[in-house]
Every structure is written in C-alpha cells, then in structure tokens.
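Below is one structure, written out as structure tokens; the observations come after it.
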Amino acid sequence: MSESTRTRARSTVESETDEQSDLTCPECGGNLVADDARGETVCDGCGLVVDADEIDRGPEWRAFDSKEKDEKSRVGAPTTNMMHDKGLSTNIDWRDKDAYGNSLSSNQREKMQRLRKWNERFRTRDSKERNLKQALGEIDRMASALGLPENVRETASVIYRRALDEDLLPGRSIEGVSTSAVYAAARQAGVPRSLDEITDVSRVGKDEIARTYRYVVRELGLEVKPADPESYVPRFASDLDLSEEAEHRARELLTNAKEQGVHSGKSPVGLAAAAVYAASLLTNEKTTQAAVSEVADISEVTIRNRYHELLEAEQGIAMA
Numbered sequence: 396m397s398e399s400t401r402t403r404a405r406s407t408v409e410s411e412t413d414e415q416s417d418l419t420c421p422e423c424g425g426n427l428v429a430d431d432a433r434g435e436t437v438c439d440g441c442g443l444v445v446d447a448d449e450i451d452r453g454p455e456w457r458a459f460d461s462k463e464k465d466e467k468s469r470v471g472a473p474t475t476n477m478m479h480d481k482g483l484s485t486n487i488d489w490r491d492k493d494a495y496g497n498s499l500s501s502n503q504r505e506k507m508q509r510l511r512k513w514n515e516r517f518r519t520r521d522s523k524e525r526n527l528k529q530a531l532g533e534i535d536r537m538a539s540a541l542g543l544p545e546n547v548r549e550t551a552s553v554i555y556r557r558a559l560d561e562d563l564l565p566g567r568s569i570e571g572v573s574t575s576a577v578y579a580a581a582r583q584a585g586v587p588r589s590l591d592e593i594t595d596v597s598r599v600g601k602d603e604i605a606r607t608y609r610y611v612v613r614e615l616g617l618e619v620k621p622a623d624p625e626s627y628v629p630r631f632a633s634d635l636d637l638s639e640e641a642e643h644r645a646r647e648l649l650t651n652a653k654e655q656g657v658h659s660g661k662s663p664v665g666l667a668a669a670a671v672y673a674a675s676l677l678t679n680e681k682t683t684q685a686a687v688s689e690v691a692d693i694s695e696v697t698i699r700n701r702y703h704e705l706l707e708a709e710q711g712i713a714m715a
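Those letters in the sequence shown? Residues 396 to 715, per the numbering used here, in order.
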C-alpha cells in the first residue's frame with residue numbers, strides 16, 4: 396500500500412470517528428437528541444446538555460397543513476405598493492464593486508452599465524409602468540417632506556393605483572393626482588396636513604390640488620371624514636415647545652367649542668391654532684400670535700377671530 400493510500404484511509408477513519416463522537420454523549424456514550432423547543436442538544440441517557448443556544452434556522456411562522464405552509468412560504472423582502480413593480484424586480488447596485496467590496500475591472504463595469512440600462516428598460520416597459528414609477532416617486536418625496544408615516548405612503552400609493560386603473564388621469568397631471576392621493580391618505584390615517592402645507596411641497600397649485608382631490612374622492616368613493624381640529628393640536632404644541640398641560644387645555648377648549656357648535660363651518664386648522672394660542676396664555680406659557688401663525692401656516696387675523704370665539708364658548712358653558 397502506498398503512502399498516499401494510507402494517508403487517505405487514515406483521514407477517512409478519523410472523519411468517521413469524529414462523526415460518531417458528534418452523535419454520542421462524551422460522558423456515557425449515549426445517543427444525543429436535539430431539543431428544538433429549548434435550542435439544546437442533550438443526551439437521552441444521562442441528560443447532559445452538550446450544546447445550548449442553538450440557532451433556529453427555520454421560519455418564524457407555524458403551519459399545520461401543506462396548504463397553509465405553501466401560503467406562508469416566501470423568499471426575499473415583502474411586496475409593497477410603494478414601488479411600481481411592488482419590489483419584485485431585480486435591482487442592480489450603482490456601485491461598481493463585487494461581493495467582497497473589490498472594484499470591478501473596466502470590462503466588467505461596462506457590462507454592468509449595459510445590464511443596468513436594459514434592466515431599467517424592462518422594469519418600465521409601457522407607459523403605465525413609467526407613469527406609476529414617476530407618481531410613486533412623487534408620493535414618497537412629498538410624504539418625506541411632510542413627515543408622514545409609512546402607512547400613509549402605502550395608502551396613497553393604493554389610491555393612485557386605483558385612479559390609474561379606473562382611467563381617472565386623462566386631462567389631469569400626474570403631480571396633481573399624486574398630491575391628492577397623499578392629502579386623502581393623510582386624512583384617512585388621522586394625521587391630516589392642511590391644504591397649504593400640501594401645496595408647499597407639491598409641484599402644482601392649490602386650486603388644482605383641491606379640484607383634483609374632490610374629483611378623486613368622488614370617483615373612487617373614498618370615505619374621508621372631515622378633519623378633526625384636535626388632530627392638529629399635538630403637532631402645533633410640539634413645534635411651539637408647549638407643555639402637556641397646555642396641550643390638554645387646548646383640547647378642552649375645542650371640546651367646549653364642539654358642544655356649543657362653534658366649530659361648524661370653520662377651518663379645523665384655524666380652530667386648532669387658536670386653541671393652542673389660547674391654551675398657552677391660560678397656562679402662563681405665553682407665545683405670540685406670529686409664532687403660532689408661522690407653525691400653523693395661517694393668518695394672525697384668523698387666529699384672533701377664532702380665539703375670541705373659543706373663549707366665548709367656554710364662558711357660555713361655565714354660565715350654563
């Protein structure tokens with residue numbers, strides 16, 4: 396027998412011995428079993444814990460039949476309506492580096508550039524896809540500028556998709572419909588933004604936004620409740636650095652105004668701004684009408700008018 400043959404035979408015996416030792420208890424030689432519930436490997440004879448804190452590489456969900464397993468099975472990131480292809484297409488990184496972080500050669504860079512170009516062409520093959528890509532980009536930009544949460548962006552994306560599917564865009568700009576979708580989604584989620592705030596981050600005028608918003612809501616049958624003035628109070632109070640006491644007092648003023656019917660036909664933004672201003676004075680956290688006007692993006696005249704109406708409503712309840 397040659398030396399190389401003896402070496403291979405010796406390594407084979409050693410590997411078999413290691414495998415057997417991995418399957419037997421080092422104390423009593425008993426069989427080892429895996430306890431998946433505890434993440435441990437234990438001996439079924441003496442109970443010795445051979446390995447602990449094992450990583451569970453299985454899914455985080457449970458399935459009780461094959462159908463449920465197939466439904467829950469997935470690969471990759473979850474789909475999202477905030478991307479025109481719902482996140483299912485391939486993305487080629489813009490950095491010309493390989494998996495180890497090394498720079499690519501000139502030939503490889505040219506090849507990756509061609510792949511990026513064709514990948515982009517295939518992702519937006521028709522006009523509808525290009526329309527959707529531009530609109531969802533606008534929605535994401537405006538939502539970020541307004542500080543809106545992700546669920547509002549998702550809802551706005553769904554509203555725009557519905558408008559596109561039902562052919563509501565002819566005669567209207569992509570920016571106008573996407574802005575209207577953001578405005579409607581924010582009101583549905585209970586984190587409304589005023590029309591002036593929406594206009595500040597949009598690329599279309601206030602009149603076009605209002606007109607398109609009414610059209611989209613009517614045609615899609617969206618259930619959008621009138622904005623509640625109290626929903627603006629926390630944001631205004633936070634921007635003005637007012638205490639929780641002042642915020643609570645502003646809510647009380649608005650509640651009294653609703654009981655007296657003062658809020659009917661009034662701008663919710665104006666009522667919220669006036670309530671915050673009045674509450675700051677009542678709690679000795681004096682702030683100026685100019686500061687409130689800047690935060691709420693509403694005129695000082697409106698704040699003064701609503702301010703007197705709120706105080707009169709509270710006095711009316713106190714007298715009653």
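Backbone N, C-alpha and C define an ideal beta-carbon position, used for all residues, glycine too.
Note that the coordinates shown come from a computational prediction; the quantities given were computed from them, not determined experimentally.
When we look at the beta-carbon of residue 430 and count the other beta-carbons within 10 Å, is it buried (16 or more) or exposed?
-> Numbered from its first residue, the sequence shown carries residue 430 at position 35. Its Cβ having fewer than 16 others within 10 Å, residue 430 is exposed.
Run through DSSP, which three-state label would residue 715 get?
-> Along the sequence shown, one-based indexing puts residue 715 at 320. Residue placement at residue 715 cannot be trusted, given a pLDDT of 49 that sits under 50; the coordinates are not used to answer.
Rounded to whole angstroms, what's the CA-CA distance from residue 569 to residue 530? Just pull it up for me.
-> Taking the sequence shown and counting its residues from 1, the one referred to as residue 569 is at position 174. Taking the sequence shown and counting its residues from 1, the one referred to as residue 530 is at position 135. One C-alpha to the other measures close to 6 Å.
Select from 557, 560, 585 and 551 the residue whose C-alpha is nearest the C-alpha of residue 574.
-> Numbered from its first residue, the sequence shown carries residue 574 at position 179. Comparing Cα-Cα distances from residue 574 to each of 557, 560, 585 and 551, the minimum goes to 551.
Span separating the alpha-carbon of residue 446 from that of residue 536 = The residue you call residue 446 lines up with position 51 of the sequence shown. The residue you call residue 536 lines up with position 141 of the sequence shown. The straight-line gap from Cα to Cα measures roughly 50 Å.
Helix, strand or coil: which one does DSSP assign to residue 498?
-> The count along the sequence shown starts at 1 and reaches residue 498 at position 103. Strand.
What's the call for residue 600, buried or exposed, on a 16-neighbour Cβ count within 10 Å?
-> Position 205 of the sequence shown, counted from the first residue, corresponds to residue 600. Burial call: exposed.
Among residues of its own chain, excluding the 5 on either side of residue 706, which ones have a beta-carbon nearer than 7 Å to its beta-carbon?
-> Here residue 706 refers to the residue found at position 311 of the sequence shown. 673, listed in sequence order.
Let me know the beta strand (DSSP E) ranges lying completely inside the region 519-592, each 3 residues or longer, listed in chain order.
-> none
For residue 668, which option in 656, 682 and 522 has the closest C-alpha, if you only look at C-alpha atoms?
-> If you number the sequence shown from 1, residue 668 lands on position 273. Nearest C-alpha to residue 668: 682.
Taking the alpha carbon of residue 489 as the point to measure from, which residue in 474, 514 and 481 has its own alpha carbon closest?
-> For the purposes of this step, residue 489 is identified with residue 94 of the sequence shown, where counting begins at 1. Taking only the C-alpha atoms, the option nearest residue 489 is 514.
Residues near residue 563 in its chain [Cβ-Cβ closer than 6 Å; skip 5 each side] | The sequence position of residue 563 within the sequence shown is 168, counting from 1. Only 614 meet the Cβ criterion.
Rounded to the nearest angstrom, how far is the Cβ of residue 581 from that of residue 553, given a contact under 8 Å?
-> Working through the sequence shown from its first residue, we reach residue 581 at position 186. Working through the sequence shown from its first residue, we reach residue 553 at position 158. With a Cβ gap of about 14 Å, residue 581 and residue 553 do not count as contacting.
Mind checking which residues open and close the alpha helix (DSSP H) that includes residue 369?
-> Lying outside 396 to 715, the shown extent of the chain, residue 369 is not represented and no answer is given.
Residues near residue 533 by beta carbon distance below 8 Å, same chain, minus five either side | Indexing the sequence shown from 1 puts residue 533 at position 138. 569, 570, 573, 574 and 598, listed in sequence order.
Using three-state DSSP, classify residue 697 as helix, strand or coil.
-> Here residue 697 is taken as the residue at index 302 of the sequence shown, counted from 1. DSSP places residue 697 in the helix class (H, G or I) of the three-state scheme.
For residue 506, which of helix, strand or coil comes out of DSSP?
-> Sequence index remark: in the sequence shown, residue 506 carries index 111 (1-based). The answer is helix: DSSP assigns residue 506 an H, G or I state.
Work out the CA separation of residue 612 and residue 606 for me, nearest whole Å.
-> By 1-based counting over the sequence shown, the position of residue 606 is 211. By 1-based counting over the sequence shown, the position of residue 612 is 217. Going from the Cα of residue 606 to the Cα of residue 612 covers about 10 Å.
Continuous alpha helix (DSSP H) stretch holding residue 649: start and end | Working through the sequence shown from its first residue, we reach residue 649 at position 254. Where residue 649 is concerned, the enclosing alpha helix (DSSP H) stretches over 639-655.
Contact under 7 Å by Cβ, residue 657 with residue 693 = Residue numbering aside, residue 657 sits at position 262 when the sequence shown is read from its first letter. Residue numbering aside, residue 693 sits at position 298 when the sequence shown is read from its first letter. Cβ atoms of residue 657 and residue 693: not closer than 7 Å.
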